[in-house]
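From first to last, the protein sequence lines are chains A and B.
Numbering-wise, the UniProt record's numbering puts 213 at position 213 of the first sequence, and it's gapless, one number per residue.
Numbering-wise, the UniProt record's numbering puts 78 at position 78 of the second sequence, and it's gapless, one number per residue.
Number of protein chains: 2
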Amino acid sequence: MSYCIATYRLYDDKADFAKKAQSIAVGMTAGSWTDLPAARHESMQKHLGHVVKVDVHEPENAAPGERYADISIAYPDINFSRDIPALLVTVFGKISMDGKIKLTDLDFSEPFLSGFPGPKFGVEGVRNLLGVHDRPLLMSIFKSVIGHNLEELQEQFYKQAVGGVDLIKDDEILFENPLTPIEKRVEVCLKAAEEAQKETGKKLLYLTNLTGHTSQLKQQAVKAIAAGASGLLFNVLSYGYDVLYELSSDPDINVPIAAHPALAGALYPSPTYGISASVLLGKLMRIAGADLVLFPSPYGSVVMPREENLAIRTELLSDSLPVRKSMPVPSAGIHPGLVPLILRDFGTEVVVNAGGGIHGHPMGTIAGGQAFVQAIDAAMRQIPLSEQGAHHPELKAALDAWGESK
Amino acid sequence: MSYCIATYRLYDDKADFAKKAQSIAVGMTAGSWTDLPAARHESMQKHLGHVVKVDVHEPENAAPGERYADISIAYPDINFSRDIPALLVTVFGKISMDGKIKLTDLDFSEPFLSGFPGPKFGVEGVRNLLGVHDRPLLMSIFKSVIGHNLEELQEQFYKQAVGGVDLIKDDEILFENPLTPIEKRVEVCLKAAEEAQKETGKKLLYLTNLTGHTSQLKQQAVKAIAAGASGLLFNVLSYGYDVLYELSSDPDINVPIAAHPALAGALYPSPTYGISASVLLGKLMRIAGADLVLFPSPYGSVVMPREENLAIRTELLSDSLPVRKSMPVPSAGIHPGLVPLILRDFGTEVVVNAGGGIHGHPMGTIAGGQAFVQAIDAAMRQIPLSEQGAHHPELKAALDAWGESK
């Protein structure tokens with residue numbers, strides 16, 4: 001018998017947590033046990049959930065709201081189909097509405113995982129496409145391009161590309177629209193990429209935003225790929241993990257998919273409700289097949305605590321899942337002066353991802369990309385940025401504008 | 001020009017909320033305004049978001065965490081496609097991760113709504129199918145049937161049906177499985193329904209749980225309908241609203257769809273994060289096409305505050321949306337003694353939905369349904385339940401077991 005294990009944090013000032021755990025384990029699986037005729041016990045045993053752990057945290061003189069328990073329940077795989085909607089409804093469907101409860105962890109069984117091929121490219125696959133193996137990757141985000149036409153898009157793309165970035169992503173709020181439909185967008189951006197490559201000699205992936213009605217997404221993706229798309233951006237949480245799973249496991253969609261965290265803030269930040277960031281943007285994104293996963297960095301205005309960030313990173317890169325690794329992309333508020341910090345926190349298996357930190361560079365977008373390239377080069381060689389800046393005016397201008405984080 | 005309007009509650013002890021509102025309105029639409037060349041202002045005007053309202057709530061001597069603002073922003077329809085993922089990413093994608101912010105309301109423009117046919121049946125359509133127009137409907141929930149075979153399912157269905165309920169719904173954690181695959185389940189339950197109808201003379205809808213991978217859902221639904229399914233249950237939030245939209249607007253799926261709120265508790269209960277219940281389980285479920293919407297009742301163990309319940313009801317039944325109305329189904333903890341209270345709170349446009357309150361009846365499942373029928377009959381005729389109970393042993397036993405709420 002095999003089980004997926006869900007861990008919850010429950011806040012309650014008085015509850016008998018052991019009893020509560022037992023009621024979840026039975027209630028969300030066999031339904032009832034004591035009511036069950038003894039003759040049924042044997043046949044129902046394989047459907048019954050089990051309490052794995054009840055850790056009560058009860059500080060002496062606890063103030064109201066401080067008492068909680070971490071509870072783990074094992075759910076028999078036999079009870080649910082091998083898809084993320086079934087798993088989530090099983091482990092957090094009804095009980096998400098039952099008091100102050102947060103889903104803090106999920107452990108998948110091997111049989112459950114066997115239904116998930118995971119990322120088609122993963123960290124190594126993305127690196128292979130780019131031919132870059134020895135440093136963090138650099139991603140640039142289109143500045144808001146709603147209302148822009150193809151020429152303007154192409155120009156902005158070119159400037160980002162010629163600055164030396166490895167990946168360029170659409171803005172996640174750029175939806176299918178008459179001015180810049182996906183296949184035209186891909187076409188003009190690829191041209192810009194080719195032009196830029198003549199100058200930089202570097203390969204580049206363009207992550208174009210996949211949008212529209214669910215049943216049309218594959219067709220949109222195939223159209224984009226036929227036009228030469230080298231990657232896709234996808235707002236996973238607005239569609240559901242299963243849609244990502246189906247796209248990523250589709251043999252016709254043979255480009256990397258980057259998962260955008262849009263809407264995630266509705267789910268992870270509360271300590272008492274929702275789903276932890278490491279499950280939401282870590283484990284589930286990875287088994288659903290995201291090759292890259294964006295999440296709020298601990299550095300910018302859109303802040304996530306550092307330990308949550310690192311927990312996401314751990315899940316995306318951990319050896320404990322039998323699928324390819326997903327590339328962590330901590331995002332928001334990134335400027336060149338932060339690069340050594342990012343490397344310290346995340347290691348080299350990371351995408352340095354910037355929008356304002358590239359387009360807002362005092363010398364312009366091209367210099368913005370170059371400053372990051374220079375910063376990454378310095379950080380990899382453990383040269384202080386200020387030293388590197390002395391010989392590189394683009395980096396120096398960035399450091400002057402935004403500072404250098406220690 | 002037309003706009004969809006999102007309202008947020010932002011908590012911040014110090015923020016300049018007017019400035020914050022302005023930065024959301026511009027940042028999530030045109031991107032920047034002051035950076036934009038003056039020549040572009042005219043063409044970008046139609047893409048620019050606008051601040052509609054900033055209501056700051058700042059009690060004198062506010063304790064930390066008490067200061068908030070209700071902010072409304074108008075987003076031009078031209079910026080996003082007519083689908084719920086695009087709308088949600090636009091209004092709550094990135095900013096869901098930007099501090100203590102909750103999406104509390106959404107107002108759709110007429111052009112946006114024109115993309116949404118809404119419920120195919122709605123309140124009137126469901127009533128027409130049942131031939132019941134003058135009283136609340138009564139729904140019974142299968143007791144946990146994981147691990148049960150078709151015969152056991154059929155027996156339980158028969159007992160519920162013969163008690164006189166109008167609708168019977170699958171447990172939302174019953175997924176596609178070899179023991180009771182959807183088309184077989186429908187087949188045996190329909191037989192039981194026919195048998196029961198000989199005794200009750202009443203029509204009945206069976207809401208069978210639609211599960212599996214997203215792209216297979218339509219096929220599963222069509223298979224169930226071909227087998228005679230009279231309705232579907234769907235865990236909307238585990239798949240995304242757009243999947244409900246596509247199912248409900250599909251001409252081949254010509255049966256009512258009931259939306260289950262599984263996972264909703266990850267999103268609505270926090271006062272500072274997430275999405276309010278009236279948007280999540282009210283407006284969005286209705287425009288996405290749910291004919292019936294389940295949500296936690298204010299009476300049971302899975303509690304939602306009464307005002308939130310009534311806000312959901314308001315959105316499901318309001319005349320302000322140009323689509324059919326969705327039937328409210330407040331669920332959990334319902335027993336016959338609560339029926340007058342449900343009618344007082346919800347009126348007659350409601351489904352009285354019970355699980356334990358039917359199966360747990362001291363005289364058994366059949367009597368459980370009968371007790372509810374008797375309670376609804378009494379409440380409609382404004383006869384006290386205890387008086388009705390004097391002539392109806394099933395209702396009397398229920399009132400003795402669970403009491404009569406005043």
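Each residue gets a CB set at the ideal place from its N, CA and C atoms; glycine is no exception.
Local conformation of residue i per DSSP, three classes
i                      : result
SER276 of chain B      : coil
ASP242 of chain B      : helix
LEU106 of chain A      : strand
ASN254 of chain B      : coil
residue 407 of chain A : Chain A is shown only over 1 to 406; residue 407 of chain A falls outside these bounds and no answer can be derived.
PHE121 of chain A      : coil
residue 446 of chain A : Residue 446 of chain A falls outside the range modelled here, since chain A spans only 1 to 406, and no answer is possible.
GLY131 of chain A      : coil
ASP400 of chain A      : helix
PRO181 of chain B      : coil
PRO111 of chain A      : helix
PRO336 of chain A      : helix
ALA226 of chain B      : helix
Beta carbon of residue i nearer than 9 Å to that of residue j
i                      : j                 : result
TYR3 of chain B        : HIS50 of chain B  : yes
MET285 of chain A      : ALA266 of chain A : no
residue 407 of chain B : PRO269 of chain A : Examination of residue 407 of chain B is not possible in this model, given that chain B is present from 1 through 406 alone.
ALA354 of chain B      : LEU138 of chain B : yes
PHE142 of chain B      : PHE157 of chain B : yes
LEU153 of chain B      : VAL126 of chain B : no
VAL145 of chain A      : LEU190 of chain A : no
PHE341 of chain A      : LYS406 of chain A : First, the residue type needs correcting, since residue 341 of chain A is Leu and not Phe in the sequence shown. Yes, the pair counts as a contact, with Cβ atoms nearer than the cut-off.
ASN292 of chain B      : LEU167 of chain B : Asn is not the amino acid found at residue 292 of chain B; the sequence shown has Leu there. Yes, the Cβ-Cβ distance between LEU292 of chain B and LEU167 of chain B is below 9 Å.
ILE84 of chain A       : GLY240 of chain A : yes
GLY231 of chain A      : PRO117 of chain A : no
HIS335 of chain B      : ALA398 of chain B : yes
VAL56 of chain B       : ILE73 of chain B  : no
TYR273 of chain B      : GLY274 of chain A : yes
Cross-strand partners of residue i (DSSP beta bridge)
i                 : result
PRO76 of chain A  : A:TYR3
ILE101 of chain B : B:LEU10
ILE71 of chain B  : B:TYR8 and B:VAL54
PHE295 of chain B : B:PRO330
VAL352 of chain B : B:LEU138
TYR206 of chain B : B:ILE168
GLY231 of chain B : B:LEU207
Exposure of residue i, with buried meaning 16 or more beta-carbon neighbours within 10 Å
i                 : result
ARG344 of chain B : exposed
PRO330 of chain B : buried
ARG9 of chain B   : buried
ALA193 of chain A : buried
ASN128 of chain A : exposed
GLN220 of chain A : buried
MET1 of chain A   : exposed
THR34 of chain A  : exposed
ASP105 of chain B : buried
ASP134 of chain A : exposed
GLU151 of chain B : exposed
GLU58 of chain A  : exposed
ILE383 of chain A : exposed
ALA226 of chain A : exposed
Unbroken beta strand (DSSP E) run spanning residue i, endpoints
i                 : result
LYS169 of chain B : 167 to 169
Boundaries of the alpha helix (DSSP H) in which residue i is found, first to last residue
i                 : result
TYR158 of chain A : 150 to 162
HIS391 of chain A : 385 to 391
ALA259 of chain A : First-last for ALA259 of chain A: 257 to 259, but that is the beta strand (DSSP E), not the alpha helix (DSSP H).
GLU307 of chain B : 306 to 317
PRO340 of chain A : 339 to 346
ARG286 of chain B : 284 to 288
VAL373 of chain B : 365 to 380
HIS41 of chain B  : 38 to 44
PHE92 of chain A  : 84 to 92
GLY27 of chain A  : 17 to 27
The ligand GDP heavy atom lying under 8 Å from the CB of residue i
i                 : result
LEU316 of chain B : In the structure on display, the ligand GDP does not appear, and there are no ligands present to speak of.
* To do: Please name the residues in the segment 72 to 89 of chain A whose beta-carbon is closer than 7 Å to at least one beta-carbon of chain D, in chain order.
  => Going by chain labels, chain D is absent from the structure shown, which instead holds the protein chains A and B.
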